[in-house]
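So the protein lines, in turn, are chains A and B.
Position one of the first sequence corresponds to residue 66 (my numbering), numbered consecutively onward.
Position one of the second sequence corresponds to residue 36 (my numbering), numbered consecutively onward.
Note that the Cβ used here is the ideal one computed from N, Cα and C, for glycine as well.
Below: one structure, written as structure tokens.
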Amino acid sequence: AQKVTQAQTEISVVEKEDVTLDCVYETRDTTYYLFWYKQPPSGELVFLIRRNSFDEQNEISGRYSWNFQKSTSSFNFTITASQVVDSAVYFCALGETSGSRLTFGEGTQLTVNP
Amino acid sequence: GAGVSQSPSNKVTEKGKDVELRCDPISGHTALYWYRQSLGQGLEFLIYFQGNSAPDKSGLPSDRFSAERTGGSVSTLTIQRTQQEDSAVYLCASSLMEGAGNTIYFGEGSWLTVV
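Structure, rendered in structure tokens:
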């Protein structure tokens, strides 16, 4: 069965600090997809990134970067020079080719203080 | 519309009443999903549609929950005889096609409170 673990329930940092959100997953599929979503206080889940299991290249988008390592089944998310507007709950999710549902982690509440 | 639209955004209902939650997916998206997010918990899959068919409804928690989709567009999630444990945010999402290889976009959710 698929499972996603976000061990960090809450993280608090000061503005301009770098912060890494951890995500570990379990799946029996050889082809799968990993996602990160941001949920600000408004409640909407905002899509950040989707990666497939065959693409282990790290990705950078502005202040965001993602480190995908199949050897450790991890898909970690780093925010560089954090800002107050980054405060939100961040969810990691796993999608398998055997179905269309996403399995979400419990989320990490990130608070960036000024 | 530009994004996934859900209504009502907030609903307070009395225990035992029926409620209907509506979702209007992104135009052209054939797959539609319903998830539930209870207070302090993660997201729980309920059901998904490909067109008007629901290949996977295994996440519906009880037979009080049902959903339909008509015209390959709007979907309605119905909860009959609501209970307090049904209080949650109900999130709808859509994607161009079914399958995790497609990006799934979420709406802002319908906040349901059963009193």
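Using DSSP bridges, identify the partner residues of F218(A).
Residue 218(A) lies beyond the range of chain A shown here (66 to 179); nothing can be said about it.
List the endpoints of the continuous beta strand (DSSP E) containing T111(B).
To locate residue 111(B), count along the second sequence from 1; it is residue 76. According to the DSSP assignment, T111(B) belongs to the beta strand (DSSP E) that extends over 110-114.
Short of 6 Å in beta carbon distance, which residues of its chain neighbour V124(B), apart from the five on each side in sequence? Order them along the chain.
For the purposes of this step, residue 124(B) is identified with residue 89 of the second sequence, where counting begins at 1. The residues are Q72, G144, W146.
Mind pulling the alpha helix (DSSP H) runs of 4 or more residues that sit fully within the stretch 76-152 of chain A?
none
Compute the Euclidean distance between the alpha carbons of S62(B) and Y68(B), then round it to the nearest angstrom.
Mapped onto the second sequence, residue 62(B) falls at position 27. Mapped onto the second sequence, residue 68(B) falls at position 33. Looking at the two C-alpha atoms, the distance is approximately 14 Å.
Near E75(A), which residues of its chain fall below 6 Å by C-beta distance, leaving aside the five closest residues on each side in sequence?
Here residue 75(A) refers to the residue found at position 10 of the first sequence. Answer for E75(A): Q174, listed in chain order.
Interface residues of chain B facing R115(A) [CB-CB closer than 7 Å]:
To locate residue 115(A), count along the first sequence from 1; it is residue 50. Neighbours of R115(A) on chain B, chain order: T138.
Short-range partners of chain A found in the stretch 113-139 of chain B, where Cβ spacing is below 7 Å
Taking 7 Å as the upper bound on Cβ-Cβ separation, chain A lies near residues V124, L126, E133, G134, A135, G136, T138, I139 of the stretch 113-139 of chain B.
Interface residues of chain B facing T173(A) [CB-CB closer than 9 Å]:
Here residue 173(A) is taken as the residue at index 108 of the first sequence, counted from 1. Simply none; closest approach about 11 Å.
Assigned exposure category for L74(B) - 16 Cβ within 10 Å defines buried
Here residue 74(B) refers to the residue found at position 39 when the second sequence is read from its first residue. With fewer than 16 other Cβ atoms from the protein chains shown falling within 10 Å of its own Cβ, L74(B) counts as exposed.
Residues bridged to K46(B) by DSSP?
Mapped onto the second sequence, residue 46(B) falls at position 11. L147(B), per the DSSP bridge assignment.
How about G51(B) and T117(B): do their beta carbons lie closer than 8 Å?
Taking the second sequence and counting its residues from 1, one reaches residue 51(B) at position 16. Taking the second sequence and counting its residues from 1, one reaches residue 117(B) at position 82. Against a cut-off of 8 Å, the Cβ pair of T117(B) and G51(B) comes out as a contact.
What's the gap between the Cα of I125(A) and the Cα of W131(A)?
Residue 125(A) sits at position 60 when you count from the first residue of the first sequence. Residue 131(A) sits at position 66 when you count from the first residue of the first sequence. Straight-line Cα distance between these residues: approximately 7 Å.
L86(A) CB to nearest chain B CB: under 8 Å?
Working through the first sequence from its first residue, we reach residue 86(A) at position 21. So no, L86(A) is outside the interface.
Cα-Cα separation, V54(B) to D83(A)
Sequence index remark: in the second sequence, residue 54(B) carries index 19 (1-based). Sequence index remark: in the first sequence, residue 83(A) carries index 18 (1-based). Approximately 44 Å, taken between the alpha carbons.
Is any beta-carbon of chain B found at less than 8 Å from that of F112(A)?
Residue 112(A) sits at position 47 when you count from the first residue of the first sequence. Yes - at least one Cβ of chain B is within 8 Å of the one on F112(A).
What is the DSSP secondary structure of Q174(A), reduced to helix, strand or coil?
Working through the first sequence from its first residue, we reach residue 174(A) at position 109. Q174(A) falls in the strand class under three-state DSSP.
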